[in-house]
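Novice: Can you keep this structure in mind? I'll have questions shortly.
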Amino acid sequence: MRQTEDTEESSYVWDRGFYNEADMSSSLTLPTYFAKRGHADEGIFFLGATGTGLEFHAHNDARNGVVFGMKRWFLYPVNRHPPGGMDINSMEWYEHIYLSQKLTEEDKPLECVQEAGEIIYIPEGYWHAVINIGDTIGMTLLARKPVTVLQKLRKRDWERDDEMKKKKQSGADLTEGDLKATYSSMRKLHRIFPDNTFVMVQLAYAYRKAGQREKAIGLVLKAVDVDPYCAFAYMLLSKMMIELNRLKEAEEFLLQVRDRIPGLWSLHATYGSFLVKIGRYAEAVSVFKTATTKKSAKLDVWRELMEAQQLSGDTEGAKATENTIRKMTENV
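If you use the working numbering, the sequence shown corresponds to residues 367 to 698, in order.
Right, here's the structure in full:
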């Protein structure tokens, strides 16, 4: 298949051209109210192995069908960001937040299991994550243009972010106007949804880019107060503390969330990187080893483990890790 993309979660791919190129539109029979609306919709084909899925995200109006297999869905309304659901894959969220934490009734998602032949409608802006149950083939018809204020503002924020990246890559200097533009959309969203952790963290990111670090820290502290499971927010706090050379506080934030959600590989990887940065190499080796035992751990963690072993003087361990990396890359 052309234009096939790998997601952050291995063995789950999608393709934006297959629907039209394979003439799927003539072989799929959809209810009138779910039918493709010409160029207003984009057809996306999905193929996933069991246990894979997509992390929590929100987008334009969508109709999702399963052709083969089953999908388990977790959904939250527009104003309610999933607890702990930022920058974490769906299986990790399921295992370490949904099953392991005592979520209140308010924190629990709407959920359902979608079987082959069934269609689920996701309103624009609804947060949702999926886990494939068995090998799964699916199809999504996604509206190309947003219609709600929320999604229009988010789209503008993404566009501005891309504009800033292109400008930086070209070597041009960012102006004060550019920096203010990075957070104008998120400020509007924050006024609409003042307690939404996603909006708070994204606005904090924008403030940080604009050099307004104290504002950013204040917002992220509020975000972790609203959502104590938001590991991403704790890691952002730690990163900003490092930038301010407040290393003790940086470590405290990492340890707080590690103790709360011990199973996340990304936390151990982030903590290991911090320990390398401050020269505690032997401790970093131990932390990276813990990260590599997690199912979702990525190849980069193994590389960081090898570097920490080299820095700590563990040459034999570094060689063993290098061999493991070689075998992993040979199997890709």
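Where is the CB? At the ideal position from N, CA and C, for every residue including glycine.
If you reduce the DSSP assignment to three classes, tell me which class T398 lands in.
Specialist: The sequence position of residue 398 within the sequence shown is 32, counting from 1. DSSP places T398 in helix when its eight states are reduced to three.
Novice: Use the C-beta contact count for G483: other C-beta atoms within 10 angstroms, 16 or more gives buried, fewer gives exposed.
Specialist: In the sequence shown, counting from the first residue as 1, residue 483 sits at position 117. Exposed, because fewer than 16 other Cβ atoms sit within 10 Å of the Cβ of G483.
Novice: Could you say which of E580, G638 and P512 lies nearest to E673 if we only look at CA atoms?
Specialist: Translated into positions along the sequence shown, residue 673 becomes position 307. For E673, the nearest C-alpha among the options comes from G638.
Novice: Given this structure, state the Cα-to-Cα distance separating H423 from D544, to the nearest angstrom.
Specialist: To locate residue 423, count along the sequence shown from 1; it is residue 57. To locate residue 544, count along the sequence shown from 1; it is residue 178. Cα to Cα, H423 sits roughly 26 Å from D544.
Novice: With 16 as the cutoff for other CB atoms within 10 Å, does R510 come out buried or exposed?
Specialist: Position 144 of the sequence shown, counted from the start, is the residue given in the question as residue 510. Exposed, by the Cβ-count rule.
Novice: Tell me whether A509 sits in a helix, a strand or coil according to DSSP, three-state version.
Specialist: For the purposes of this step, residue 509 is taken as residue 143 along the sequence shown, with counting starting at 1. Three-state DSSP puts A509 in a strand.
Novice: If you follow the beta strand (DSSP E) that G537 is in, where does it begin and where does it stop?
Specialist: One-based indexing of the sequence shown puts residue 537 at position 171. Premise fails: G537 is in no beta strand (DSSP E) and is neither H nor E.
Novice: Taking 7 Å as the limit between beta carbons, can you name the residues of its chain near E408, skipping five residues before and five after?
Specialist: Taking the first residue of the sequence shown as 1, we reach residue 408 at position 42. Once the five neighbours on either side are set aside, the close Cβ partners of E408 are R382, L508 and R510.
Novice: Taking 9 Å as the cut-off, decide whether the C-beta atoms of R624 and H634 are in contact.
Specialist: By one-based count along the sequence shown, residue 624 stands at place 258. By one-based count along the sequence shown, residue 634 stands at place 268. Yes; because the gap between Cβ atoms is below 9 Å, this pair is in contact.
Novice: Under the three-state reduction of DSSP, which class applies to E617: helix, strand or coil?
Specialist: On the sequence shown, position 251 is the one that residue 617 refers to. Helix, per DSSP.
Novice: Around the Cβ of M601, are there at least 16 other Cβ atoms within 10 angstroms (buried) or fewer (exposed)?
Specialist: Residue 601 sits at position 235 when you count from the first residue of the sequence shown. Buried.
Novice: Counting only the same chain and skipping the five closest in sequence on each side, list residues whose C-beta sits under 6 Å from that of G491.
Specialist: Locating residue 491 in the sequence shown gives position 125, where the first residue counts as 1. A424, V444, T514, L516 and Q517, listed in sequence order.
Novice: Return the Cβ separation of W493 and H447 in integer angstroms, given the expectation that the two are a contact with Cβ distance under 8 Å.
Specialist: Here residue 493 refers to the residue found at position 127 of the sequence shown. Here residue 447 refers to the residue found at position 81 of the sequence shown. Their Cβ separation, rounded to whole angstroms, is 6 Å, which keeps W493 and H447 in contact under 8 Å.
Novice: Assuming I454 and L603 form a contact by the criterion Cβ under 8 Å, report the distance between their Cβ atoms to the nearest whole angstrom.
Specialist: For the purposes of this step, residue 454 is taken as residue 88 along the sequence shown, with counting starting at 1. For the purposes of this step, residue 603 is taken as residue 237 along the sequence shown, with counting starting at 1. Not confirmed; about 16 Å, so no contact.
Novice: Mind checking whether E421 and A495 have CB atoms under 9 Å apart?
Specialist: Position 55 of the sequence shown, counted from the first residue, corresponds to residue 421. Position 129 of the sequence shown, counted from the first residue, corresponds to residue 495. Yes, these two residues count as a Cβ contact at 9 Å.
Novice: For the pair the stretch 559 to 566 and the stretch 588 to 601, tell me if three or more CB-CB distances fall below 8 Å.
Specialist: Taking 8 Å as the limit for Cβ pairs, the verdict is that the stretch 588 to 601 does touch the stretch 559 to 566.
Novice: Could you tell me if E371 is buried or exposed, where buried requires 16 or more neighbouring beta carbons within 10 angstroms of its beta carbon?
Specialist: Translated into the one-based positions of the sequence shown, residue 371 becomes position 5. Confidence is the limiting factor: at E371 the pLDDT is only 38, short of 50, which leaves the residue's position unreliable and the question unanswerable from this model.
Novice: Just reading off the alpha helix (DSSP H) that D591 is part of, what are its end residues?
Specialist: Counted from its first residue, the sequence shown places residue 591 at position 225. Where D591 is concerned, the enclosing alpha helix (DSSP H) stretches over R579 to V592.
Novice: Could you work out which residue in S632, D539 and V432 is closest to Y487 when comparing CA atoms only?
Specialist: Residue numbering aside, residue 487 sits at position 121 when the sequence shown is read from its first letter. Y487 has its Cα closest to that of V432, out of S632, D539 and V432.
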